[in-house]
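Report on the following structure.
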Amino acid sequence: MDLRQHLEEELKKDFQLLKDYENQKRNENDPGLRNKWETKIQSIKLEIKKRQEELNQLPITSPNSSLNQSFSQDLGFGVKLGMVYIPGGTFLMGAPTKEENSKDYERPQHHVTVKPFYMGKYTITQEQWERVVFSCSPVARDLHLHPSCFEGAKLPVEQVSWDDAVEFCARLSQKTGQKYRLPSEAEWEYACRAGSAKPFAFGDTITTDMVNYNGNYTYGNAPKGEYRERTTPVGTFPPNAFGLHDMHGNVWEWCADTWYDSYDGAPNDGTPRINDNTFRLLHNDNPFRLLRGGSWYYCPDYCRFAYRSYFYPGYDNNDVGFRVACAVERN
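Counting from 313, one number per residue, gives the positions in the sequence shown under the working numbering.
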């Protein structure tokens with residue numbers, strides 16, 4: 313077991329301890345004992361923060377390819393775009409009928425084989441957005457330099473539509489010479505799962521110490537938690553097994569695909585489901601585009617691996633953002 317795996321395993325144990333301590337405190341009536349549990353809770357939170365910081369400093373690589381090195385795209389003025397290598401593989405996409413609060417439009421489950429690709433380590437931040445929008449000429453449409461409701465360089469850009477995200481990818485490609493794009497829905501779920509068959513990257517449920525969602529609601533046996541009512545800086549919470557942050561919660565993420573209310577007829581090769589089923593980000597007769605991952609505003613049900621949502625391509629809101637993908641065959 314390498315250092316990354318060790319830290320990830322220790323983080324899982326720490327999160328389980330945190331959940332146990334919070335349950336003990338919740339069920340304790342004696343004020344003195346409640347204070348003791350609170351001391352333990354604060355101690356384990358400090359340990360979690362320390363491990364997360366250690367984990368974030370480690371390079372992310374995979375042994376499966378000579379092109380497997382994660383890379384950092386220089387956007388200028390000290391702004392970088394971290395891209396994580398996602399090894400190819402086959403996975404079972406969608407939710408089983410027994411999964412709590414799963415929906416019919418998350419089925420039928422089906423096997424999909426995804427080619428290796430790169431995925432943004434984080435959703436696009438406001439400083440990344442501003443660097444690209446400011447320094448690149450429009451390709452197909454104008455973009456607002458400061459579209460977000462919640463302002464902060466390291467906060468995810470939000471209030472961006474699918475059309476905006478596609479335009480950003482086109483400008484980023486123009487700026488860097490690489491082929492940036494939105495991930496397909498299958499790529500997104502494959503990268504989010506990172507080999508897991510559970511509902512979440514952290515197991516059967518999540519808490520607001522792991523994910524930014526509406527803590528007034530719960531999933532499984534998790535306790536209620538904090539409702540922050542806004543976005544949090546990228547990298548605040550632990551990554552999944554591929555090293556991707558905030559795949560659950562914070563902001564919804566646009567995918568390339570058009571919306572279909574079933575996986576019947578869906579491609580099994582990881583490409584986006586667009587009417588002609590080619591790898592092009594074009595408008596077509598279906599007016600809706602895919603959103604994945606849930607957000608700070610929504611309940612944990614919507615943050616599950618398999619949950620799917622949609623909106624028209626011009627829609628934007630203060631809990632909607634995106635992350636970019638890139639082919640392995642880079643220039």
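C-beta: ideal position from N, C-alpha, C; glycine also.
Only a predicted model underlies this, so the values are computations on that prediction, with no experimental measurement involved.
Task: Proximal residues to ILE518 (C-beta, below 7 angstroms), its chain only, five neighbours per side dropped - done: Here the question's residue 518 lines up with position 206 in the sequence shown. Closer than 7 angstroms at the Cβ level, and outside the excluded window around ILE518, lie PHE512, TYR531, ALA534, HIS560, PRO612, CYS615.
- [ ] Can you give me the start and stop residues for the alpha helix (DSSP H) that SER485 sits inside?
- [x] Reading the sequence shown from its first residue, position 173 is the one you call residue 485. From DSSP, the alpha helix (DSSP H) with SER485 extends over 474-488.
TODO: For ARG592, name the three-state secondary structure that DSSP assigns.
DONE: For this step, residue 592 is matched to residue 280 along the sequence shown. Any reading at ARG592 is ruled out, since the residue's pLDDT is 44, under 50, leaving its predicted position unreliable.
Open item on the list: Suppose you measure from the CA of THR402 to the CA of ALA509; what does that come to, to the nearest Å?
Closed with: Along the sequence shown, one-based indexing puts residue 402 at 90. Along the sequence shown, one-based indexing puts residue 509 at 197. Approximately 12 angstroms, taken between the alpha carbons.
Open item on the list: I'd like the list of long-range same chain contacts for PHE591, defined as Cβ closer than 7 angstroms, with 5 residues on each side in sequence excluded.
Closed with: In the sequence shown, the residue the question calls residue 591 occupies position 279. With a pLDDT of 41 at PHE591, under the threshold of 50, the modelled position of this residue cannot be trusted, and the question is left open.
Task: Cβ neighbour criterion (16 or more within 10 Å) applied to GLN490 - done: Within the sequence shown, numbered from 1, the residue matching residue 490 stands at position 178. Counting Cβ neighbours within 10 Å, GLN490 comes out buried, since at least 16 surround it.
Task: Straight-line gap, ILE356 to ASP326 (C-alpha atoms, nearest Å) - done: Against the sequence shown, residue 356 aligns to sequence position 44. Against the sequence shown, residue 326 aligns to sequence position 14. Approximately 7 angstroms between the Cα atoms of the pair.
TODO: Output yes or no for whether 8 angstroms exceeds the beta carbon distance between THR543 and PRO468.
DONE: Here residue 543 corresponds to residue number 231 of the sequence shown, with the count starting at 1. Here residue 468 corresponds to residue number 156 of the sequence shown, with the count starting at 1. It is a contact, given that the beta carbons lie within the stated cut-off.
TODO: Sort PRO625, ASP416, TYR430, GLY390 by Cα distance to ASP576 and report the nearest one.
DONE: Your numbering for residue 576 matches position 264 in the sequence shown. Out of PRO625, ASP416, TYR430, GLY390, ASP416 has the C-alpha closest to the C-alpha of ASP576.
Open item on the list: I need the DSSP call for LYS361, collapsed to helix, strand or coil.
Closed with: Counting from 1 along the sequence shown, the entry for residue 361 is found at position 49. Looking at LYS361 - three-state DSSP - the assignment turns out to be helix.
Task: Identified DSSP bridge partners for THR437 - done: Your numbering for residue 437 matches position 125 in the sequence shown. Looking at the DSSP output, THR437 sits in a beta bridge with PRO468.
Task: GLU463 (DSSP reduced to helix, strand or coil) - done: If you number the sequence shown from 1, residue 463 lands on position 151. The answer is coil: DSSP assigns GLU463 none of H, G, I, E or B.
Open item on the list: For the structure I just gave you, are there three or more beta carbon pairs, one from the segment 521-530 and one from the segment 601-612, closer than 8 angstroms?
Closed with: Short answer: they touch.
- [ ] Ignore the nearest five residues each way along the sequence and tell me which others in SER621's own chain have a CB closer than 8 angstroms to its CB.
- [x] Taking the first residue of the sequence shown as position 1, residue 621 is located at position 309. Excluding sequence neighbours, SER621 sits near TRP564, LEU602, LEU603, ARG604, TYR614.
TODO: Whole angstroms is fine: what's the gap from LEU379's alpha carbon to LYS427's?
DONE: Locating residue 379 in the sequence shown gives position 67, counting from the first residue. Locating residue 427 in the sequence shown gives position 115, counting from the first residue. Since pLDDT at LEU379 reaches only 48, below the 50 mark, its modelled position is unreliable, and no value is offered.
Open item on the list: Could you tell me the alpha carbon to alpha carbon distance between SER473 and ASP631, rounded to whole angstroms?
Closed with: Here residue 473 refers to the residue found at position 161 when the sequence shown is read from its first residue. Here residue 631 refers to the residue found at position 319 when the sequence shown is read from its first residue. Going from the Cα of SER473 to the Cα of ASP631 covers about 11 angstroms.
Open item on the list: Quick check: MET431 and ALA477, are their CB atoms within less than 8 angstroms of each other?
Closed with: Here the question's residue 431 lines up with position 119 in the sequence shown. Here the question's residue 477 lines up with position 165 in the sequence shown. No, the Cβ-Cβ distance between MET431 and ALA477 is not below 8 angstroms.
Open item on the list: I'd like to check one pair, GLY626 with ASP454: are the Cβ atoms closer than 8 angstroms?
Closed with: Walking along the sequence shown from the start, residue 454 turns up at place 142. Walking along the sequence shown from the start, residue 626 turns up at place 314. It is not a contact, given that the beta carbons lie outside the stated cut-off.
Open item on the list: At the level of alpha carbons, what is the spacing between ASP581 and TRP571?
Closed with: In the sequence shown, residue 581 corresponds to position 269, counting from 1. In the sequence shown, residue 571 corresponds to position 259, counting from 1. Across the structure, ASP581 and TRP571 are spaced so that their CA atoms are roughly 17 angstroms apart.
TODO: Flag this pair as yes or no: are the beta carbons of ILE360 and LEU323 separated by less than 8 angstroms?
DONE: Translated into the one-based positions of the sequence shown, residue 360 becomes position 48. Translated into the one-based positions of the sequence shown, residue 323 becomes position 11. Yes; because the gap between Cβ atoms is below 8 angstroms, this pair is in contact.
Open item on the list: As an exercise, report each continuous beta strand (DSSP E) stretch of at least 3 residues that is fully enclosed by the segment 330-356, in chain order.
Closed with: The qualifying runs do not exist here; there are none.
Open item on the list: Do ALA578 and ARG493 count as a contact pair if the criterion is CB distance below 8 angstroms?
Closed with: Along the sequence shown, one-based indexing puts residue 493 at 181. Along the sequence shown, one-based indexing puts residue 578 at 266. No, Cβ-Cβ distance for ARG493 and ALA578 is not below 8 angstroms.
TODO: Pull up the DSSP beta-bridge partners for TRP566, would you.
DONE: On the sequence shown, residue 566 is found 254 positions in, with the first residue counted as 1. Per DSSP, LEU603.
Task: Straight-line Cα distance separating GLU334 from PHE446 - done: For the purposes of this step, residue 446 is taken as the residue at position 134 of the sequence shown. For the purposes of this step, residue 334 is taken as the residue at position 22 of the sequence shown. Separation of PHE446 and GLU334 (C-alpha to C-alpha, rounded to the nearest whole angstrom) is 46 angstroms.
Task: Inter-residue spacing [alpha-carbon to alpha-carbon] between PRO375 and SER382 - done: Along the sequence shown, read from residue 1 onward, the residue named residue 375 stands at position 63. Along the sequence shown, read from residue 1 onward, the residue named residue 382 stands at position 70. Low confidence applies to PRO375: its pLDDT is 33, below 50, so where it sits in the model is not reliable enough to give any reading.
- [ ] Using 10 angstroms around the beta-carbon of GLU418, count the other beta-carbons present and answer buried if the total reaches 16, otherwise exposed.
- [x] Position 106 of the sequence shown, counted from the start, is the residue given in the question as residue 418. With 16 or more neighbouring CB atoms inside 10 Å of its own CB, GLU418 falls in the buried class.
Open item on the list: In chain order, what are the residue ranges of uninterrupted alpha helix (DSSP H) at least 4 long that sit wholly in the segment 401-429?
Closed with: Counting only runs of 4 or more, we get nothing.
Open item on the list: So if DSSP puts ILE398 in a beta bridge, which residue, or which two residues, is it bridged to?
Closed with: Mapped onto the sequence shown, residue 398 falls at position 86. Answer is PHE429, bridged to ILE398.
Open item on the list: Quick check on the DSSP output: the beta strand (DSSP E) that includes CYS638 runs from which residue to which?
Closed with: Counting from one through the sequence shown, the residue named residue 638 turns up at place 326. Segment 637-639, the beta strand (DSSP E) holding CYS638.
Open item on the list: Suppose the cutoff is 8 angstroms on Cβ atoms and the five residues either side in sequence are ignored; what does the same chain contact list for GLU442 look like?
Closed with: In the sequence shown, the residue the question calls residue 442 occupies position 130. Excluding sequence neighbours, GLU442 sits near LEU457, HIS458.
TODO: Buried or exposed for ALA407, please, with buried defined as at least 16 other CB atoms from any protein chain shown within 10 angstroms of its CB.
DONE: If you number the sequence shown from 1, residue 407 lands on position 95. Here ALA407 is buried: its Cβ has 16 or more other Cβ atoms, across all protein chains shown, within 10 Å.
TODO: Let me know if GLN354 comes out buried or exposed under the rule of 16 or more other beta-carbons within 10 Å of its beta-carbon.
DONE: Position 42 of the sequence shown holds residue 354. By the Cβ neighbour-count rule, GLN354 is exposed, with fewer than 16 other Cβ atoms within 10 Å of its own.
- [ ] Can you have a look at PHE389 and say buried or exposed, based on whether 16 or more other CB atoms are within 10 angstroms of its CB?
- [x] Here residue 389 refers to the residue found at position 77 of the sequence shown. So PHE389 counts as exposed.
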